[in-house]
Amino acid sequence: MTDPRAQAGGSFVLDGQDVPFQPGDTLLRAATRAGRYIPHLCWSPEFPPHGSCRLCVVRIDGRTGAACTVAAADGLEVQSDTAELNGYRKTMLQMLFVEGNHFCPSCEKSGHCLLQATAYEMGMEGPHFEEFYPSRAVDASHPAVLLDTNRCILCGLCVRASRDIDGKKVFALAGHGLKTRLIVDSESGRLGDTDFTLSDRAASICPVGAILPKRQGFEVPIGDRPYDKHSLAQIAAGAESEEVP
Ligand code: SF4
Ligand code: FES
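Okay, so the sequence shown: first residue is 6 according to the numbering used here, each after it adds one.
If you want it as structure tokens, here you go:
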């Protein structure tokens with residue numbers, strides 16, 4: 006049942022400060038618009054929430070919920086930046102790192118990668134868990150885009166972008182649990198055999214280095230990239246709109 010306090014707009018309290026919201030806002034959408042940072046990986050203001058990464062976990066009037074899916078409501082007391090929640094987020098990040106193959110020092114996305122930046126933000130200093138080193142495919146069949154599923158965190162953003170903006174359904178998530186994987190909708194399963202193009206929204210939305218344009222590697226030097234220069238909290242605080250990575 007919809008909370009009647011969510012319908013008219015108003016404000017809730019996030020870590021002791023008021024955040025205004027509009028009717029239909031989730032906690033994460035309203036916080037982002039207000040320049041307040043709540044960690045997230047699978048959410049973008051362009052799409053309905055996916056609710057899969059659980060990085061946006063917050064406490065709402067004492068209960069736990071995902072800020073990207075919980076409707077903002079007048080007078081809610083929300084905690085996000087606490088030692089307990091950040092510790093939980095750090096564990097989730099460590100699990101994501103060991104489930105895939107993430108070699109940040111050699112990755113073209115370093116300094117522009119939401120996973121890496123969030124790990125720094127949460128104070129992650131190492132993977133903690135034993136690495137899985139899964140065997141995953143690199144698909145270089147497309148003339149303009151490299152698909153390296155070693156780095157995929159299964160956020161589903163490319164799936165939503167291709168379906169909802171590009172109108173193509175190039176990507177899908179298949180399987181369950183640890184066997185979940187990103188697949189490409191072509192008979193061969195290769196990206197080069199789809200109508201995917203570099204100008205598709207799905208080509209530029211990947212928060213990690215799984216979907217990368219070819220022949221643009223290291224055009225911006227390491228050290229000059231957005232997350233090299235600013236923390237995610239600084240970027241959120243400086244944002245004038247919802248265009249926070
Ligand atoms: Fe997310 Fe990128 Fe994997 Fe697509 S390829 S599901 S955008 S991490
Ligand atoms: Fe909320 Fe991923 S951003 S679950």
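Beta carbons are placed, not taken as given, at the ideal position from N, Cα and C, and that holds for glycine.
- For Ala124, the CB stays at least 8 Å from every heavy atom of the ligand FES.
- The stretch 67 to 84 and the stretch 182 to 194 do not touch, with fewer than three beta-carbon pairs separated by less than 8 Å.
- About 5 Å separates the beta carbon of Val24 from that of Ala35, a gap short enough to meet the 8 Å contact definition.
- In terms of CA proximity to Phe201, Cys163 leads the group Ser236, Cys163 and Gly228.
- Beta-bridge partners assigned by DSSP to Val63: Gly70.
- Relative to the ligand SF4, Phe108 has its C-beta separated by 8 Å or more from all heavy atoms.
- The beta-carbon distance between Arg156 and Val213, rounded to whole angstroms, is 5 Å. This is short enough to meet the 8 Å contact definition.
- Bridge pairing for Pro218: Val150 [DSSP].
- Taking C-beta separations shorter than 6 Å and ignoring five residues to either side along the sequence, the partners of Asp205 in its chain run Asp171, following chain order.
- In this structure Met97 does not touch Leu152 by the C-beta definition: roughly 24 Å separates them, more than the 8 Å allowed.
- Restricted to the stretch 154 to 207, the alpha helix (DSSP H) segments that are unbroken, complete and at least 4 residues in length are 162 to 165, listed in chain order.
- From the listed residues Gly56, Gly92 and Arg220, the smallest Cα separation to Ala76 is found for Gly56.
- The beta-carbon separation of Cys47 and Gly161, rounded to 6 Å, stays under the 8 Å limit for a contact.
- At a Cβ-Cβ threshold of 9 Å, His45 and Gln99 do not count as neighbours.
- The bridge partners DSSP lists for Asp23 are Val18.
- Residues of the same chain with a CB within less than 6 Å of the CB of Gly228, apart from the 5 flanking positions on each side, do not exist.
- In summary, Asp66 is exposed, with fewer than 16 beta-carbon neighbours lying within 10 Å of its beta-carbon over all protein chains present.
- A direct Cα-to-Cα measurement between Glu136 and Cys109 gives close to 14 Å.
- If you draw a straight line from the Cα of Ser146 to the Cα of Gln22, it comes to about 50 Å.
- Distance between Asp198 and Glu113, taken at the CA atoms: about 24 Å.
- In the structure shown, Val143 adopts extended strand secondary structure according to DSSP, grouped into three states.
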